[in-house]
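Shown next, in structure tokens, is the structure this report addresses.
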Amino acid sequence: MNDSTTISKGTPFHLESSVAYAIGSVVSKTLLKKTAGNITLFSFDAGQGLSEHTAPFDAVVHILDGEADITIGGKTSTVAAGEMLIMPANVAHALHAQKRFKMLLIMIRSE
4 MNDSTTISKG TPFHLESSVA YAIGSVVSKT LLKKTAGNIT LFSFDAGQGL SEHTAPFDAV
64 VHILDGEADI TIGGKTSTVA AGEMLIMPAN VAHALHAQKR FKMLLIMIRS E
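Here it is as structure tokens:
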């Protein structure tokens with residue numbers, strides 16, 4: 004599911020309230036999409052997640068609300084609101100919501 008609320012450049016906004024939870028769903032909202040990378044907000048309802056995959060670039064995850072179980076290279080960490088982690092490029096990772104959570108994902112492309 005993709006949240007349709009628009010974020011205006013140059014106008015302050017609150018990250019956590021800029022993406023809503025949806026029952027039984029993952030909601031994503033792209034804030035910025037450029038050749039250099041993407042910034043995307045997500046909300047995950049309890050029991051939802053992203054299956055194991057790899058990405059060709061490092062990605063920063065900042066948990067805004069709740070907590071996420073994030074598995075990187077077979078090792079799972081519980082990451083809580085206010086915490087961040089870097090998912091390294093080309094290493095399998097997955098996300099799962101034991102409880103619902105919101106996160107900001109920043110992916111920066113590089114050579």
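Counting from 4, one number per residue, gives the positions in the sequence shown under the numbering used here. All residues carry an ideal CB built from backbone N, CA and C; glycine is no exception.
Supposed contact pair I73 and V63 - C-beta distance, whole angstroms, cut 8 Å: Counting from one through the sequence shown, the residue named residue 63 turns up at place 60. Counting from one through the sequence shown, the residue named residue 73 turns up at place 70. V63 to I73, Cβ: 12 Å. No contact.
Pick from R112, S80, F104, G13 that is closest to N93, judged by C-alpha positions: In the sequence shown, the residue the question calls residue 93 occupies position 90. The shortest Cα separation from N93 among R112, S80, F104, G13 belongs to R112.
C-beta atoms of G40 and M110 nearer than 7 Å: Stepping through the sequence shown from its first residue, residue 40 is reached at position 37. Stepping through the sequence shown from its first residue, residue 110 is reached at position 107. Yes, the pair counts as a contact, with Cβ atoms nearer than the cut-off.
Same chain only: Cβ atoms within 7 Å of G33, ignoring 5 sequence neighbours per side: Taking the first residue of the sequence shown as position 1, residue 33 is located at position 30. Per the sequence presented here, residue 33 reads as Thr, with Gly not at that position. So the list reads N41, T43, once near-sequence residues are dropped.
Minimum length 3: unbroken beta strand (DSSP E) runs contained in the region 28-106: 29-37, 40-47, 52-56, 62-75, 78-83, 87-90, 96-99
Cβ neighbour criterion (16 or more within 10 Å) applied to A83: Working through the sequence shown from its first residue, we reach residue 83 at position 80. The residue is exposed, with fewer than 16 neighbouring Cβ atoms inside 10 Å.
CB contact flag (D68, F45, <7 Å): Taking the first residue of the sequence shown as 1, we reach residue 68 at position 65. Taking the first residue of the sequence shown as 1, we reach residue 45 at position 42. The Cβ atoms of D68 and F45 do not sit closer than 7 Å to each other.
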